[in-house]
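Visitor: Let me give you the structure first, and then I'll get to my questions.
Number of protein chains: 2
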Amino acid sequence: MPSLSLDPTQGSLIQQVMHAIRQAIAGHQLAPGQRLPSVRQLATTLGISTFTVADSYSRLVQQGVILARRGDGYYVARTPLAPPMAPPPVPDARWLTDHRITPGPEVVQPGCGWLPNQWYPTQILQRALRQQGRDTDGGIAYGHSAGWQPLRQHLWQHHEALGIPVDPQGVLLTQGASQALALVVQSELRAGDTVLVDDPGYCNLIALLQHAGMRVIGVPWTAQGPDCTALAEQLHLARPKAFFTNPRQHNPTGASYSAATAFRVLQLTAQHHCLIVEDDVSAALTQSATPTLAALAGLEHIIYIGSFAKALAPGLRVGYLLASAERTDRLLRYKVMNAIASSELAERLVLRMLKDPDTPKEQQRLRDRLLRAGERWQQGLERIRWQSFCPPQGGLFSWVRLPAPHQDALSLSEAALAEGLLLAPGSQFRVDAPPTPWLRCNLAYSHQPLLDFLQGWARRQEGA
Amino acid sequence: MPSLSLDPTQGSLIQQVMHAIRQAIAGHQLAPGQRLPSVRQLATTLGISTFTVADSYSRLVQQGVILARRGDGYYVARTPLAPPMAPPPVPDARWLTDHRITPGPEVVQPGCGWLPNQWYPTQILQRALRQQGRDTDGGIAYGHSAGWQPLRQHLWQHHEALGIPVDPQGVLLTQGASQALALVVQSELRAGDTVLVDDPGYCNLIALLQHAGMRVIGVPWTAQGPDCTALAEQLHLARPKAFFTNPRQHNPTGASYSAATAFRVLQLTAQHHCLIVEDDVSAALTQSATPTLAALAGLEHIIYIGSFAKALAPGLRVGYLLASAERTDRLLRYKVMNAIASSELAERLVLRMLKDPDTPKEQQRLRDRLLRAGERWQQGLERIRWQSFCPPQGGLFSWVRLPAPHQDALSLSEAALAEGLLLAPGSQFRVDAPPTPWLRCNLAYSHQPLLDFLQGWARRQEGA
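Taken in order, these protein sequences are the chains called C and A. Just so you know, we're using my numbering here: the first sequence kicks off at 1 and counts up by one. Just so you know, we're using my numbering here: the second sequence kicks off at 465 and counts up by one.
Written as structure tokens, this is what we have:
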């Protein structure tokens, strides 16, 4: 057994134990495949509780550094020095998404696109699981390829009440909004087609479109939505097949379409027979009563995409799209080809969660919490004299500009990573990722330490 | 309220009520949006139990014919005359897949690719749900994009024990085997590439490859696996990038590679640097000890695809692939682009099910049940003097040939549908769907009534 010693500069006791084991592996005191000391043994040696050791081991198992063998013990993984995905020198879009919530317990992630785990209504999910566990009906076999009928019906009625004239056959459940976007690309577009996206816009969508062989053109985004003069020009010159846009609580800026922009965008795209793909995944985080494009203009030239991932339960991977019955039928074909069906069990759990009496007030609490976080963040930015694209009005994101003369948020992001802050430099959200002085900040993670870091970084740059 | 009357020729009382309501809608006695009589009211009028009416209503809701409004009552759907997907005159591959388990309670589906609901271990899933419902850890937030580490570890160890040398970073969890296939297409191939498939082979795979712009060539399938002379020729002439094959309990024939075929296929593909994509989704139904191709030749030129859908819980949509660490890393990128992550909750439920003490014997019971069904089916075919491609040896499928001179199973399938039997004509499993005299029969649904139908059909043909 190697001699492990704790280094108090490494954080909590759990983190110190994890660090010591990682160091022992890196320094070859622990070889691949070698058995680790038992939990009790190590606790005694280090004079700490078995709980702390057990927790450290289980986190290392989660990270793939060590392996647990049932009834046997813990072993060093065969390739422990190549963790699943090591951070690249520059956090690109892929790394950001791959590394989601906890690349390590040390990293705070104002760059990510989701809420901290404890903000989601876990108790409501647990309740739904227990109810489902007492119900012998459904969930184990394939469901209908279009998705579970009662959830489709719920969505149909919910969106009708919001003014979207949906046909009952026009609701398709998907594996998150991501699958909805991927199906639209497969069913509605062909390689070589030109498509428009918000610039900046959703990073995974840009990657998806480019991989599918589309010519992707960005429409400059303003604090009131797309720049309509630029949009008109692109519609005229490039004859795009579709415009993928995110009108409410826009990712990455947090801004929303004004009523006038919505009207103009609908008018222009209709003139040019350009399909609108309306990404409204943050609807549940939206406080204002701004209508969706689909409510204004119907579903003839619009595909509307929604999700339960932003506010309810990303882990269930349930999203949906609304479209004309005819278009939905075509999209369904691709869903079958790619997945046979989505998970009826997950769809049943989502409907149970939606119908839980506590859900409305939990969701309202979440919206209020983000609204307050946005206000505090905006005040903080003003104190350190940085600027945001627009003051947050609920939703997840704030788009922050580096002070002049800085033109690229990448080097800032690298410096941040070294200090345990994972940021999202703006280039990730632009076609072909050109340097930009912007940064996407997730309001649920944007607190005083981030402000301190930004201020300190700017001062060091001036000093340098 | 319309006068509804029951027609005893329509089957059970529940089916009679459903039929009466459908007829009233079709005959315009019940208009779209109109409220239906309450359950109690209709039960009294018809002199039947409220249970029967409630059950009929709930099935009609599932089918989208009527809608339930909470605390209010039942209404005719707005487009009840266009049910989600009406059967086309000829059941093509899409219709088969879309309509899966219950297009209507009346149809028996020897053409489908899954087990009857009650064959799956529902109690084990219910137990897993209740356990998960008491565990406040995990499932609500995004999981790791590669999938939940403990299930990946389980798969790694399971396949290592079966002789597949997997790297711990070489396991990727997916949304069923379908997503694994779709990711391989996106990551490993480009439009215009030539690929080989088993002929006959898996219908959704052929559609997926063709839609992605591949040149798809079928390699003739024998009762010992692919015809190696034809394979050698195609490898030489067409220079394919990949060969998608299903060596054990092949879909649609139920045959498996012989040891000699496996050796020869590995030798030939290695010579021509052709990637093998080994579809082994029926592994859990496999009685024999035939090794997988991946166990024989490792994962350098093989991607191995597995699933929990055939025997454990299709509704959870959990599948996986094994590949070299480097290839898995590339595939992961496409998974993130298409889905961000799979459902950690579903992955946790699968691992709980796998670890349930009742699972091994339940799975063995299922294999035995299919084996016995296969023996009975083969005897039945011999009695009516029809032939199968090979005697079933476990697994789900039997590939049955129409007696001479019939050359196309399509008209048989049409006649079957009219009698409430959904069959799978062999053309669905061939590139470009040429007529074939073969029929895929799912052993879990292939009983005496199907034999009677086949025999009766053949007699009527002779008589005609």
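Here a beta-carbon is modelled for each residue, glycine too, at the ideal position from N, C-alpha and C.
#1: For D896/A, which of A671/A, Q650/A and P614/A has the nearest alpha-carbon?
#2: Assuming the contact rule is C-beta atoms closer than 8 Å, V265/C and G225/C should be a hit. Round their C-beta distance to whole Å, please.
#3: How big is the Cα-Cα spacing for T600/A and N117/C?
#4: Would the beta-carbon of R791/A fall within 8 Å of that of A810/A?
#5: What did DSSP end up calling P567/A once you bin it into helix, strand or coil?
#6: For S12/C, does the three-state DSSP call read helix, strand or coil?
#7: What does the alpha-carbon distance come out to for the pair T717/A and L653/A?
#8: Quick check on DSSP: helix, strand or coil for W685/A?
#9: According to DSSP, what are the bridge partners of L885/A?
#10: Work out the CA separation of W377/C and G111/C for me, nearest whole Å.
#11: Given this structure, state the Cα-to-Cα distance separating A773/A from G779/A, to the nearest angstrom.
#12: If you drop the 5 nearest sequence neighbours on each side, which residues of the same chain put their C-beta closer than 8 Å to that of I66/C?
#13: With Q132/C and L349/C assumed to form a contact (beta carbons below 8 Å), what rounded beta-carbon distance in angstroms separates them?
#14: So, S746/A versus G859/A, is the Cβ gap smaller than 8 Å?
#15: Whole beta strand (DSSP E) runs in the region 169-218 of chain C with 3 or more residues, listed along the chain?
#16: For the pair the region 286-302 of chain C and the region 226-242 of chain C, tell me if three or more CB-CB distances fall below 8 Å.
#17: Could you give the uninterrupted runs of the beta strand (DSSP E) lying entirely in the region 739-797 of chain A, keeping only those of 3 residues or more?
#18: Could you tell me which residues DSSP puts in a beta bridge with R35/C?
#19: Count the other C-beta atoms from every protein chain shown that fall within 10 angstroms of the C-beta of K819/A, then say buried if there are 16 or more, exposed otherwise.
#20: Thinking just about the alpha-carbon of each residue, which of A262/C, T269/C, P247/C and G33/C is nearest to the one in Q234/C?
#21: Is it true that the region 602-619 of chain A meets the region 631-648 of chain A, where meeting means three or more beta-carbon pairs spaced less than 8 Å apart?
#22: Reducing DSSP to helix, strand and coil, say where F389/C ends up.
#23: In angstroms, rounded to a whole number, what distance separates the CA positions of Q621/A and G577/A?
#24: Nearest-angstrom Cα distance between P548/A and R591/A?
#25: Would you identify the three-state DSSP class for R486/A, choosing helix, strand or coil?
#26: Can you check DSSP and say which residues form a bridge with V864/A?
#27: Just checking my contact of Y768/A with A753/A at CB under 8 Å: how many whole Å lie between their CB atoms?
#28: Out of P632/A, A655/A and I740/A, state which residue places its alpha-carbon closest to the alpha-carbon of A726/A.
#29: Between the C-alpha atoms of R215/C and C274/C, what's the straight-line distance to the nearest angstrom?
#30: Write down every uninterrupted run of the alpha helix (DSSP H) in the region 124-166 of chain C whose length is 4 residues or greater and which is fully enclosed by it, in chain order.
#31: Is the Cβ of L643/A closer than 8 Å to any Cβ of chain C?
#32: Going along chain A in order, which residues have a C-beta closer than 8 Å to the C-beta of H211/C?
#33: Per DSSP, what kind of secondary structure is P360/C in: helix, strand or coil?
#34: Could one say the Cβ of Q827/A lies closer than 8 Å to chain C's Cβ atoms, at least one of them?
#35: In whole angstroms, give me the CA-to-CA distance for L887/A and S38/C.
#36: List the residues of chain C that N668/A touches, going by C-beta distances under 9 Å, in chain order.
Guide: This is what the structure holds:
#1: A671/A
#2: 7 Å
#3: 11 Å
#4: no
#5: For P567/A, the predicted model reports a pLDDT of 46, less than 50, meaning its position is unreliable; a value from the coordinates is still stated below. DSSP places P567/A in coil when its eight states are reduced to three.
#6: coil
#7: 27 Å
#8: strand
#9: V572/A
#10: 15 Å
#11: 7 Å
#12: I21, L36, Y57, L60, Y74, Y75, V76, A77 and P80
#13: 6 Å
#14: yes
#15: 171-174 and 194-199
#16: no
#17: 739-743, 766-771 and 783-786
#18: Y75/C
#19: exposed
#20: T269/C
#21: yes
#22: coil
#23: 29 Å
#24: Reliability of the predicted coordinates at P548/A is poor, the pLDDT of 39 falling under 50, and no value is obtained from them.
#25: helix
#26: S852/A and L903/A
#27: About 17 Å separates the two Cβ atoms, so there is no contact after all.
#28: I740/A
#29: 15 Å
#30: 149-161
#31: Inspection of the sequence shows that residue 643/A is occupied by Gln rather than by Leu. So, interface residue.
#32: Q650, Y798 and M801
#33: helix
#34: no
#35: 57 Å
#36: V336, M337, N338 and I340
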